[in-house]
Amino acid sequence: MRLGVEFVSGFVVGGLIGWALDRWFGTRPWFMVVFFLLGAAAGTVNLIRAARRLQAEAEASEEQNSSTRG
Amino acid sequence: MAAGGEAHSPLEQFEITRLVDLNLGGVDISFTNSALWMVIIVALSTLFFVIATSRAAIVPGRLQSIAELSYEFVAGLLRDNAGKEGMKYFPFVFTIFIFVLMANMLGMVPYSFTVTSHLAVTATMSLIIILGITVLGLVKHGFGFFHVFLPSGVPMWLAPLLIVIEVISYLTRPVSLAVRLFANMMAGHTTLKVFAGFVVALGVAGVVPLLFVVALTALEVLIAFLQAYIFTILTCIYLHDAFHPHH
Numbered sequence: 004m005r006l007g008v009e010f011v012s013g014f015v016v017g018g019l020i021g022w023a024l025d026r027w028f029g030t031r032p033w034f035m036v037v038f039f040l041l042g043a044a045a046g047t048v049n050l051i052r053a054a055r056r057l058q059a060e061a062e063a064s065e066e067q068n069s070s071t072r073g
Numbered sequence: 005m006a007a008g009g010e011a012h013s014p015l016e017q018f019e020i021t022r023l024v025d026l027n028l029g030g031v032d033i034s035f036t037n038s039a040l041w042m043v044i045i046v047a048l049s050t051l052f053f054v055i056a057t058s059r060a061a062i063v064p065g066r067l068q069s070i071a072e073l074s075y076e077f078v079a080g081l082l083r084d085n086a087g088k089e090g091m092k093y094f095p096f097v098f099t100i101f102i103f104v105l106m107a108n109m110l111g112m113v114p115y116s117f118t119v120t121s122h123l124a125v126t127a128t129m130s131l132i133i134i135l136g137i138t139v140l141g142l143v144k145h146g147f148g149f150f151h152v153f154l155p156s157g158v159p160m161w162l163a164p165l166l167i168v169i170e171v172i173s174y175l176t177r178p179v180s181l182a183v184r185l186f187a188n189m190m191a192g193h194t195t196l197k198v199f200a201g202f203v204v205a206l207g208v209a210g211v212v213p214l215l216f217v218v219a220l221t222a223l224e225v226l227i228a229f230l231q232a233y234i235f236t237i238l239t240c241i242y243l244h245d246a247f248h249p250h251h
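Chains as they are written, first to last, in this note's numbering: chain A, 4 to 73; chain B, 5 to 251.
Printed below as a string of structure tokens:
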């Protein structure tokens with residue numbers, strides 16, 4: 004759930020920006036296509052960052068555990 | 005159909021009802037059940053902390069330990085994720101944590117209304133947070149804040165593409181912050197009501213879904229806390245960017 008939202012929101016925001024720009028310039032569907040892809044990239048970036056954060060947290064708590072045990 | 009003659013939809017719990025009709029210059033600002041619960045949340049949490057800290061002792065009593073524990077918890081989150089500078093904004097982050105936690109937990113009380121299961125509420129909170137942090141970053145760093153959008157060590161020919169991607173990524177923050185909380189609360193409460201409906205509909209065999217509901221309720225309490233925690237920790241992480249725009 005946590006990672007899924009990060010990923011999907013990239014598509015949603017990218018698509019919305021493209022849709023708004025298309026309405027503005029009357030260039031349907033080109034901006035939407037481009038920004039949907041950019042949104043996909045942004046979603047992937049979000050996903051990687053969130054996953055890294057989770058991993059760092061997991062490693063930190065692991066270290067804490069081993070240091071309190073040892 | 006449904007036993008008892010009344011058909012209750014599992015989504016009925018999310019209905020907004022007007023308690024007091026108010027109109028200000030053509031804008032509908034009626035006092036709704038959602039607003040009432042928000043007032044209850046604020047009043048209850050204020051009351052709790054006033055009572056808990058009124059007789060501060062060196063050896064804390066039960067209430068005082070809860071207050072101290074929640075302080076330590078949020079202070080630790082903020083220090084670890086936003087750094088020392090972030091501690092200045094402790095009151096803000098603490099308020100967010102307590103508000104979301106109380107909203108989620110009071111939502112678990114039967115017949116109550118879950119404020120955070122409405123996108124309007126969570127979206128407003130996340131927009132205020134992100135806008136506030138953006139303004140804070142701009143005030144602190146001026147134009148330098150836009151380094152958020154350009155990771156260091158990127159070749160120049162890639163910069164235009166990356167800046168667009170980073171801007172979109174930045175704009176997803178309020179969306180994911182709001183949707184995560186809203187979706188979790190809404191989905192959880194709907195599932196609970198659906199299973200509770202099975203209990204009535206299945207008669208004697210309803211014992212099986214009843215066990216499920218008991219287990220799900222425990223899970224929902226966990227999620228109520230977890231979502232408040234995630235909302236807070238993400239606020240701290242975003243706050244970190246306001247102080248350190250360089251990745």
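Here a beta-carbon is modelled for each residue, glycine too, at the ideal position from N, C-alpha and C.
Excluding the 5 residues preceding and the 5 following residue i in the sequence, name in chain order all residues of the same chain whose CB lies nearer than 8 Å to its CB.
i	result
T120 (chain B)	V104, A107, N108, G111, T126, L185, F186, M189, Q231
F94 (chain B)	V78, A79, L82
T57 (chain B)	Q68, A71
T30 (chain A)	L24
Decide if residue i is buried, meaning its Cβ has at least 16 other Cβ atoms within 10 Å, or exposed.
i	result
H193 (chain B)	buried
A191 (chain B)	exposed
T239 (chain B)	buried
N68 (chain A)	exposed
A39 (chain B)	buried
A54 (chain A)	exposed
S13 (chain B)	exposed
G17 (chain A)	buried
D245 (chain B)	buried
I20 (chain A)	buried
E9 (chain A)	buried
I100 (chain B)	buried
N49 (chain A)	buried
The beta strand (DSSP E) with residue i in it runs from where to where?
i	result
V152 (chain B)	That residue, V152 (chain B), is in no beta strand (DSSP E); it is neither H nor E in DSSP.
R22 (chain B)	22 to 24
Could you give the distance in angstroms between the alpha-carbon of residue i and the alpha-carbon of residue j?
i	j	result
G8 (chain B)	R22 (chain B)	Low confidence applies to G8 (chain B): its pLDDT is 45, below 50, so where it sits in the model is not reliable, and the reading given next is rough at best. One C-alpha to the other measures close to 27 Å.
W27 (chain A)	G46 (chain A)	24 Å
G73 (chain A)	E66 (chain A)	Low per-residue confidence applies at G73 (chain A): pLDDT is 48, beneath 50, and the placement is therefore not dependable, though the value from the model is reported in the following sentence. The alpha-carbon atoms of G73 (chain A) and E66 (chain A) are separated by roughly 10 Å.
F38 (chain A)	G7 (chain A)	19 Å
M35 (chain A)	L41 (chain A)	10 Å
I137 (chain B)	L154 (chain B)	18 Å
W134 (chain B)	Y242 (chain B)	For the record, residue 134 (chain B) in the displayed sequence is Ile; it is not Trp. For I134 (chain B) and Y242 (chain B), the distance between alpha carbons rounds to 8 Å.
L142 (chain B)	K88 (chain B)	19 Å
F202 (chain B)	G210 (chain B)	7 Å
L181 (chain B)	I55 (chain B)	32 Å
E170 (chain B)	A124 (chain B)	26 Å
E16 (chain B)	L196 (chain B)	13 Å
For the alpha helix (DSSP H) containing residue i, name the first residue and the last one.
i	result
K197 (chain B)	163 to 205
P213 (chain B)	211 to 247
Q68 (chain B)	66 to 86
V63 (chain B)	Counting along the chain, V63 (chain B) falls outside any alpha helix (DSSP H), and DSSP gives it neither H nor E.
S12 (chain A)	5 to 28
H145 (chain B)	123 to 145
Can you name, in chain order, every residue of its own chain whose Cβ lies under 7 Å from the Cβ of residue i, other than the five neighbours on each side?
i	result
V97 (chain B)	V78, L82, T236, T239, C240
W22 (chain A)	M35
Q. Which residues, in order along the region 30 to 51 of chain A, keep a beta-carbon less than 8 Å from a beta-carbon of chain B?
A. F38, L41, G42, A44, A45, G46, V48, N49
Q: Quick one: which residues of the region 161 to 184 of chain B get their C-beta closer than 7 Å to a C-beta of chain A? List them in chain order.
A: V168, I169, I172, S173, L175, T176, V179, S180, V183, R184
Q: Pull out every residue of the region 233 to 247 of chain B whose Cβ sits closer than 8 Å to any Cβ of chain A, in chain order.
A: I234, I241
Q: Select from the region 12 to 27 of chain A all residues with a C-beta closer than 8 Å to any C-beta belonging to chain B, and list them in chain order.
A: S12, G13, V15, V16, G17, I20
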